[in-house]
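Asks: Residues 708 to 891 (the numbering used here) make up the sequence shown, in order.
All residues carry an ideal CB built from backbone N, CA and C; glycine is no exception.
Keep in mind it's a predicted model, so treat the numbers as computed, not measured.
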Amino acid sequence: LSFTSLTGASLRGADLRGARLEGTDLRQADLSGALLDPGALSRSHWQRATGIESIQLSYGELHNAGAEAAQQGRYPEAEQFFGEAIRKEPSAAISWVARGICRIEQGKTALAASDFNYAASLYSQGGEVAQAEQLKMAAEKLSKPEESNSEGGNGAGSKALGGIMSVFQFLAPLAMKGLMPLGL
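1. In whole angstroms, give me the CA-to-CA distance for residue 717 and residue 774.
2. Would the beta-carbon of residue 754 be found less than 6 Å away from any heavy atom of the ligand NAP?
3. State yes or no: is the C-beta of residue 766 within less than 7 Å of the C-beta of residue 792?
4. With DSSP as the reference, identify every bridge partner of residue 757, one or two as the case may be.
5. Write down the C-beta distance between residue 833 and residue 819 rounded to the nearest angstrom, noting that I regard them as a contact closer than 8 Å.
6. Starting from residue 778, trace the alpha helix (DSSP H) both ways and give me its first and last residue.
7. Span of the alpha helix (DSSP H) holding residue 816?
8. From what residue to what residue does the alpha helix (DSSP H) around residue 810 run?
9. If you measure between the beta carbons of residue 729 and residue 712, is that distance less than 7 Å?
10. Once the 5 residues before and after residue 785 are set aside, which same chain residues still bring their CB inside 7 Å of it?
11. From the DSSP output, which residues share a beta bridge with residue 670?
12. Based on the DSSP secondary-structure assignment, which residues constitute the bridge partners of residue 895?
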């Protein structure tokens with residue numbers, strides 16, 4: 708089945724063990740209950756397919772699916788992929804950073820700050836002090852948005868926006884790295 712287009716196909720319950728799926732287009736296919744060899748999807752195009760369980764995917768595949776979804780502005784989906792990647796590889800700080808960024812985009816600043824603090828601890832453990840400090844400062848800014856000099860209203864919206872913008876300034880290099888696909 709290599710380099711075959713099965714876009715949108717119903718493969719429910721199909722026995723695909725032993726099938727070579729390299730380059731196969733499985734986007735939007737239904738793979739519910741399909742039997743697959745471990746790693747069978749690693750060289751196929753399975754994004755937006757249904758019925759795929761995270762156990763069938765590697766950490767890298769899950770992180771990369773999150774990166775692709777985030778690049779397309781599908782932040783809830785990206786957050787879910789990064790969460791699954793974290794469950795597979797909890798010590799991968801970059802996935803914590805990426806999930807935190809997706810959470811910021813959805814207005815989940817407290818959860819984002821928590822992700823950044825945890826990623827900071829992982830970077831510290833790995834001896835990457837500069838990244839750890841950036842993440843701690845970003846988490847602090849999310850927890851306490853900057854004061855704003857806005858006229859009228861209570862300024863809450865512009866304070867929150869100012870805090871989020873300064874977080875992105877702190878995290879620009881890490882954000883770029885986190886939202887890029889990993890080399891597999």
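Replies: On the basis of the data shown:
1. Against the sequence shown, residue 717 aligns to sequence position 10. Against the sequence shown, residue 774 aligns to sequence position 67. When rounded, the separation of the alpha-carbon atoms in residue 717 and residue 774 is 26 Å.
2. Here there are no bound small molecules, and the ligand NAP is not part of this structure.
3. Taking the sequence shown and counting its residues from 1, the one referred to as residue 766 is at position 59. Taking the sequence shown and counting its residues from 1, the one referred to as residue 792 is at position 85. Closer than 7 Å, so yes.
4. Your numbering for residue 757 matches position 50 in the sequence shown. 737, per the DSSP bridge assignment.
5. One-based indexing of the sequence shown puts residue 833 at position 126. One-based indexing of the sequence shown puts residue 819 at position 112. At roughly 21 Å, the Cβ-Cβ gap does not stay under 8 Å, so residue 833 and residue 819 are not in contact.
6. As a working mapping, residue 778 is identified with position 71 in the sequence shown. 766-778 is the extent of the alpha helix (DSSP H) around residue 778.
7. Mapped onto the sequence shown, residue 816 falls at position 109. Residue 816 -> alpha helix (DSSP H) spans 816-832.
8. Mapped onto the sequence shown, residue 810 falls at position 103. Segment 800-812, the alpha helix (DSSP H) holding residue 810.
9. Sequence index remark: in the sequence shown, residue 729 carries index 22 (1-based). Sequence index remark: in the sequence shown, residue 712 carries index 5 (1-based). Taking 7 Å as the Cβ cut-off, residue 729 and residue 712 do not qualify as a contacting pair.
10. Within the sequence shown, numbered from 1, the residue matching residue 785 stands at position 78. Once the five neighbours on either side are set aside, the close Cβ partners of residue 785 are 773, 776, 777 and 809.
11. Any property of residue 670 remains undetermined from this structure, which presents the chain solely from 708 to 891.
12. An answer regarding residue 895 cannot be provided, because it is not within the stretch 708 to 891 covered by the chain.
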